[in-house]
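With the first letter of the sequence shown counted as 1, position 23 gets the number 23 in the working numbering; the numbers rise by one all the way through.
Beta carbons are placed, not taken as given, at the ideal position from N, Cα and C, and that holds for glycine.
No experiment lies behind these values; they were computed from the predicted model shown.
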Amino acid sequence: HDALPIYFVAADSALGALAISTNGVDWSRLFPAPNTVTKWGAVVYGEGEFLAFDGSTSGYIASSVYGNVWTLHQLSPGEEIESATFGCGNFVGVGQSAVSTENFISSTTGTAWTTTAVPIDVTSNWTAVGYGAHRFIAVDAAGNIAWSSTSANCSAIIPKSPQQVSGNINSGKVWTYMH
């Protein structure tokens, strides 16, 4: 049985759901486990996989190839991820940790994560992150900006089909489009 590919995935942090669509007009809500308390706050696409991040401090990350069946992973320590992006073969998420000063997470696989502290204000709530021109750029709620250059020249990397386009929309929710 072939799964229908999902072309759009949106995080609905108010309801804790992920909304999926094949055409961008008709939407269905999913409530991936572990429970209805989880508030999916960010979603990103890269390397042939969707990742959804829990917007609370429980630290759940869900992954899916097609967008309709999700596998759960737990980040330890738990961190509230408010925004995520993909660039140069890396997933990067930012937010606020209740138990650590390491507010940035990164992964090349989407399952094994490295946490990093940002030397600005360790209590900052990082609200947005993006990738472009070989740099990851993040901003916190106070207006501080942090950036990190990638070590590799990614201009020669051809993205795997389908390519990803993502960005922030109202209230920091992130949408992803595959074509």
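With a beta-carbon spacing of about 14 Å, residue 72 and residue 43 fall beyond the 8 Å limit used to define contacts.
Between the C-alpha atoms of residue 83 and residue 41 there is a straight-line separation of about 7 Å.
In the three-state reduction of the DSSP assignment, residue 123 falls in the coil class.
Note on the region 60-118: whole beta strand (DSSP E) runs with a minimum of 3 residues are 60-64, 71-74, 79-87, 90-97, 104-107 and 114-116, in chain order.
Under the three-state reduction of DSSP, residue 26 is assigned to coil, being neither helix nor strand. Assignment of residue 130 by DSSP, reduced to helix, strand and coil, places it in the strand class. A Cβ-Cβ separation of about 4 Å places residue 55 in contact with residue 39 under the 8 Å criterion.
At a Cβ-Cβ threshold of 8 Å, residue 85 and residue 131 count as neighbours. Residue 51 is bridged by DSSP to 44 and 63.
By the Cβ-count criterion, residue 147 is exposed, with fewer than 16 other Cβ atoms from all chains shown falling within 10 Å of its own Cβ. Residues 57, 58 and 59 of the same chain have their beta carbon placed closer than 6 Å to that of residue 78, with the five preceding and five following residues left out of the count. Secondary-structure assignment with DSSP links residue 149 through a beta bridge to 135. Shown here for residue 49: same chain residues with a beta carbon closer than 8 Å to its own, the five before and five after excluded, namely 63, 64, 65 and 110 in chain order. Separation of residue 124 and residue 137 (C-alpha to C-alpha, rounded to the nearest whole angstrom) is 15 Å. By the neighbour-count criterion, in which 16 or more other beta carbons inside 10 Å mark a residue as buried, residue 52 falls on the buried side. The continuous beta strand (DSSP E) containing residue 21 extends over residues 17-21.
Here residue 11 carries a strand assignment [DSSP, helix/strand/coil].
When C-alpha distances from residue 128 are compared across 118, 117 and 145, the shortest belongs to 145.
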